[in-house]
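Student: One structure coming up, written as C-alpha cells, with questions to follow.
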Amino acid sequence: MKSKKKWLATGLSLVLAFSLAACSGGDKEKSSSEGGNEKVELNFWAFGATGYEDLVKEYEEQNPNVTIKFKSSETAEHHDALFTALSAGSGAPDIAMLEVDQLDRFKAAQDRFNNLYDLGAKDVQDQYLDWKWDTAENVDGDFLIGLPTDIGPKALYYRTDLFEEAGLPTEPAEVEALISSPEAFKEAGIKLTEKTGKPFVDSIEMAYRALMDPATETYLNPDGELILDKEGSTVKKAYDYAVELHEAGIVGKYTMWSPEWASAVNTGDFAAELGAGWLKGYLEENAPDATGKFRVATLPAEFAANWGGSFISIPSETENAQEAYDFIEWLVSPENQLKSSQSHGLFPSAPSVYDMEEFTANEDQFFGGQVTAEVFAKAAKDINGVAYRGEKFFPIHQRVLDALSNVQNGGDPEEEWKAAVKDAKDLIAR
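Read left to right, the sequence shown gives residues -24 to -1, 1 to 406 (mature numbering (1 follows the signal peptide of the UniProt record, and there is no 0)).
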C-alpha cells in the first residue's frame, strides 16, 4: 500500500526515555449490565488509502455494541502524532497502524503497546507469511507489536513495446528467464538501451535498491552501530551494482513521483521499474497511454524483496485491549485481506488468499489481461525478511543516494562512497 505521499515518510527523532503512564486512550463509553454486552468505543488511527473505513462499518453492523472512530492521515503526520501521544502518556488511540519503515522506532518503546501474544495472536500466527509475522516480534520473540496487514513484494514492471523494439522477449515467463541473475539483468538492459536509445531502469536509486531492498542488514544493527562500511557490506555491494549499471549506460535520471517520471511512465521513456505490488494501482490510475503496454515478471532471486506494508497495533493506554484485538484480528483476516486487495490494491500477507478464486481470476486489463497477482504472490514467498531500520536509517539512506546522484553527475564512485561513510559516522556520533 503506497502512493506518492504515503512513501515519502522521513526519519524522525527518537526520544524513548519516558515512563509508562496508564492513561485513557481517548473517549470511551463503557456501560454494562449483567448478562448484556458492554458498549465499547474504539479510536482507530490509520494512514493512507486503505478502505478500512468500509470494513469498520461492516464490523459495527456485525457487533452493534462496538463503535469505532476511524481517522486517516498522511504517513508522516500519522506517525508523528502517534509518537507524540505515546511520549506524553495520554491521547493515544486504542488501535494504530504502523508502517514497516517506521516500525523499529516504535518497537524500541514496546512498553507503550499491548503484547498481542497476550490477547490471542498465537492462534492466528499460521495464517500469515513467516517473514512478515517475524518482523513485528521483538528480538526475543515473546512480544508482538502488531498484526500483519499488507506487504509490498517487488517485481519487474516492463514495457512490452520497448522490449519488442529491442528484440527481447515480451512474455512474462520469458522475461523472467532473460533476467535470471543480476548480471543477466544488466546484459538485457544493455541490449535494450543500445537498440532503443532509452534507459532500461528509471533511476540510480532503483538500481541501488535492486540489491539493497533484499538485504537482511543495512546501515545499522539493532544496537545502533554503523555497519554499512564493514567488510562484505551488503550496502557496498548494492552501491557498486548501481554504479555498474550506471557505467553500462542503462540508468535514467528520473526521480520517482516527479512530474518528469510520471510523464516518462505514461509515454514509455524508460523500459522497466523495479516496483512493489502497490505500484500497479498507481500505473492504472495515472498512465492511461500505457494501457496494455506493461507486463510484470518475477525478479531474480537476488532481487527478491519487500517494499512497504504495515501492521496494526494496540497502544497500552487503551481500556479495551481485548475488544480492540478482536476487531483487528477480524480486520486482517484472510477474507478481509482479499477485500482490501480488491478495493484498494493492498497486497495480502495471508498466503491462503493467493489460492482464492477471486484473487487468481482477477485479470488486469492495464497489463494486457495478465493475472499480475500470481507474479506478486510468488515474489512474496521468496522474500527472506525485512532488515532492521532504526532511528537514523533515513538520513543515512539519503546520504548514500546523494553519493550515487553525484556519481551520475560525474563524481568518482569511491570518493563519493568514502564521503557518504564519513557523513554516516558523523550522523551516528551526534
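All C-beta atoms in this analysis are idealised placements derived from N, C-alpha and C, irrespective of residue type, glycine included.
1. What residue range does the beta strand (DSSP E) around residue 407 cover?
2. Hey, out of Tyr134, Trp107, Thr51, whose CA is closest to Ala266's CA?
3. Which partner residues of Pro158 appear in the DSSP bridge assignment?
4. Beta strand (DSSP E) containing Asp21: first to last residue?
5. Here's a check: name, in chain order, each residue in its chain whose Cβ is nearer than 7 Å to the Cβ of Ala395, leaving out the five neighbours to either side.
6. Roughly how many angstroms separate the alpha carbons of Leu92 and Ser381, rounded to a whole number?
7. Tell me the rounded alpha-carbon separation between Arg289 and Tyr230.
8. To the nearest angstrom, how far is the alpha carbon of Leu58 from that of Ala68?
9. Should the stretch 135 to 149 be regarded as contacting the stretch 193 to 203, the criterion being three or more beta carbon pairs within less than 8 Å?
10. Under the rule that 16 or more other beta-carbon atoms within 10 Å means buried, what is Asn19, buried or exposed?
11. So the candidates are Thr111, Lys357, Asn39, Tyr215; which of them puts its Cα closest to the Cα of Ala277?
12. In whole angstroms, what separates the C-alpha of Glu29 from that of Leu123?
13. What are the boundary residues of the alpha helix (DSSP H) that Leu307 is part of?
14. Between which residues of its own chain and Lys213 is the CB-CB distance below 8 Å, once the five residues before and five after are set aside?
15. Do you know how far the Cα of Gly251 is from the Cα of Met232?
16. Spell out the partners DSSP gives residue 436 in its beta bridges.
17. In three-state terms, what does DSSP make of Thr125?
18. Considering Cα atoms alone, identify which of Gln298, Arg365, Glu170, Gly253 is closest to Lys354.
19. Taking Cβ positions, are Ala240 and Asp178 nearer each other than 8 Å?
20. Taking the alpha carbon of Ala349 as the point to measure from, which residue in Asp331, Gly361, Pro175 has its own alpha carbon closest?
21. Ends of the alpha helix (DSSP H) at Trp233?
22. Measure the beta-carbon distance from Ala84 to Thr192 and round it to whole angstroms, keeping in mind my assumption that it falls under 8 Å.
23. Use the C-beta contact count for Thr274: other C-beta atoms within 10 angstroms, 16 or more gives buried, fewer gives exposed.
24. If we ignore side chains and look at the alpha-carbon of each, how far apart do Ala(-3) and Ala64 end up?
25. By Cβ distance, which residues of its chain are closer than 8 Å to Ile226, with the 5 residues on each side in sequence left out?
26. Do residue 407 and Ser309 have their C-beta atoms closer together than 8 Å?
27. What does the alpha-carbon distance come out to for the pair Val42 and Asn13?
28. So, is Trp283 buried or exposed, given that buried needs 16 or more other C-beta atoms within 10 angstroms?
29. Leaving aside the five residues before and after Ser8 along the sequence, list all residues of the same chain whose C-beta is less than 6 Å from its C-beta, in chain order.
30. Identify whether Val42 lies in helix, strand or coil by the three-state DSSP scheme.
31. Within 10 Å of its beta-carbon, does Ser317 have 16 or more other beta-carbons around it, so buried, or fewer, so exposed?
32. Would you tell me roughly how many angstroms separate the C-alpha atoms of Glu153 and Ala160, rounded to the nearest one?
Tutor: On the basis of the data shown:
1. Residue 407 is absent from the model: the chain starts at -24 and stops at 406.
2. Here residue 266 refers to the residue found at position 290 of the sequence shown. Nearest of Tyr134, Trp107, Thr51 to Ala266, Cα basis: Tyr134.
3. On the sequence shown, residue 158 is found 182 positions in, with the first residue counted as 1. Partner(s): none; Pro158 has no beta bridge.
4. Residue 21 sits at position 45 when you count from the first residue of the sequence shown. In the sequence as displayed, the identity of residue 21 is Trp instead of Asp. Segment 16 to 23, the beta strand (DSSP E) holding Trp21.
5. If you number the sequence shown from 1, residue 395 lands on position 419. Here the set comprises Ala379.
6. Position 116 of the sequence shown, counting from 1, holds the residue named residue 92. Position 405 of the sequence shown, counting from 1, holds the residue named residue 381. So the two alpha carbons sit approximately 43 Å from each other.
7. Working through the sequence shown from its first residue, we reach residue 289 at position 313. Working through the sequence shown from its first residue, we reach residue 230 at position 254. One detail in the question is off: residue 289 reads as Ser in this sequence, not Arg. Whole-angstrom Cα-Cα distance: 36 Å.
8. Working through the sequence shown from its first residue, we reach residue 58 at position 82. Working through the sequence shown from its first residue, we reach residue 68 at position 92. Each residue's Cα considered, the two are about 6 Å apart.
9. Too few Cβ pairs lie closer than 8 Å, so no.
10. Taking the first residue of the sequence shown as position 1, residue 19 is located at position 43. It counts as buried.
11. By one-based count along the sequence shown, residue 277 stands at place 301. Ranking Thr111, Lys357, Asn39, Tyr215 by Cα distance to Ala277 puts Lys357 first.
12. Numbered from 1 along the sequence shown, position 53 holds the residue referred to as residue 29. Numbered from 1 along the sequence shown, position 147 holds the residue referred to as residue 123. Distance between the alpha carbons of Glu29 and Leu123 is about 18 Å.
13. Translated into the one-based positions of the sequence shown, residue 307 becomes position 331. 297 to 307 is the span of the alpha helix (DSSP H), which, as asked, contains Leu307.
14. As a working note, residue 213 is residue 237 in the sequence shown. Within the same chain, and ignoring the five residues on either side of Lys213 in sequence, the residues whose Cβ sits closer than 8 Å to its Cβ are Leu187.
15. Taking the sequence shown and counting its residues from 1, one reaches residue 232 at position 256. Taking the sequence shown and counting its residues from 1, one reaches residue 251 at position 275. Roughly 11 Å between the two C-alpha positions.
16. With the chain covering only -24 through 406, there is no way to say anything about residue 436.
17. Position 149 of the sequence shown holds residue 125. Reduced to three states, the DSSP call for Thr125 is strand.
18. In the sequence shown, the residue the question calls residue 354 occupies position 378. Measuring from the Cα of Lys354, the nearest candidate turns out to be Gly253.
19. Residue mapping note: residue 240 aligns to position 264 of the sequence shown, counting from 1. Residue mapping note: residue 178 aligns to position 202 of the sequence shown, counting from 1. In this structure, Asp178 lies closer than 8 Å to Ala240 by Cβ.
20. Locating residue 349 in the sequence shown gives position 373, counting from the first residue. For the residues Asp331, Gly361, Pro175, the minimum Cα distance to Ala349 belongs to Asp331.
21. Taking the first residue of the sequence shown as position 1, residue 233 is located at position 257. Boundaries cannot be given for Trp233, as no alpha helix (DSSP H) includes it and DSSP labels it neither H nor E.
22. Numbered from its first residue, the sequence shown carries residue 84 at position 108. Numbered from its first residue, the sequence shown carries residue 192 at position 216. 19 Å between Cβ atoms; not a contact.
23. For the purposes of this step, residue 274 is taken as residue 298 along the sequence shown, with counting starting at 1. It counts as buried.
24. Residue mapping note: residue -3 aligns to position 22 of the sequence shown, counting from 1. Residue mapping note: residue 64 aligns to position 88 of the sequence shown, counting from 1. Its pLDDT being 34, under 50, Ala(-3) is placed unreliably by the model, and nothing is read from it.
25. Along the sequence shown, one-based indexing puts residue 226 at 250. Taken in chain order, the residues that qualify are Lys162, Gly165, Ile166, Leu168, Thr169, Pro175, Phe176, Val177.
26. Missing from the structure shown is residue 407; the chain here goes from -24 to 406 and no further.
27. The residue labelled residue 42 in the question sits at position 66 within the sequence shown. The residue labelled residue 13 in the question sits at position 37 within the sequence shown. Spanning the two alpha carbons is a distance of roughly 9 Å.
28. Within the sequence shown, residue 283 is the residue found at index 307, counting from 1. Answer is buried; the Cβ neighbour count reaches 16.
29. Sequence index remark: in the sequence shown, residue 8 carries index 32 (1-based). Legend: pLDDT at Ser8 = 33, less than 50; position of this residue unreliable, value from coordinates given subsequently. So the list reads Glu14, once near-sequence residues are dropped.
30. As a working mapping, residue 42 is identified with position 66 in the sequence shown. When secondary structure is reduced to three states using DSSP, Val42 falls in the strand class.
31. Indexing the sequence shown from 1 puts residue 317 at position 341. A buried status is given to Ser317, since no fewer than 16 other beta-carbon atoms sit within 10 Å of its beta-carbon.
32. For this step, residue 153 is matched to residue 177 along the sequence shown. For this step, residue 160 is matched to residue 184 along the sequence shown. Correcting the residue type first, residue 153 is Ala in the shown sequence and not Glu. When rounded, the distance between both Cα atoms is 9 Å.
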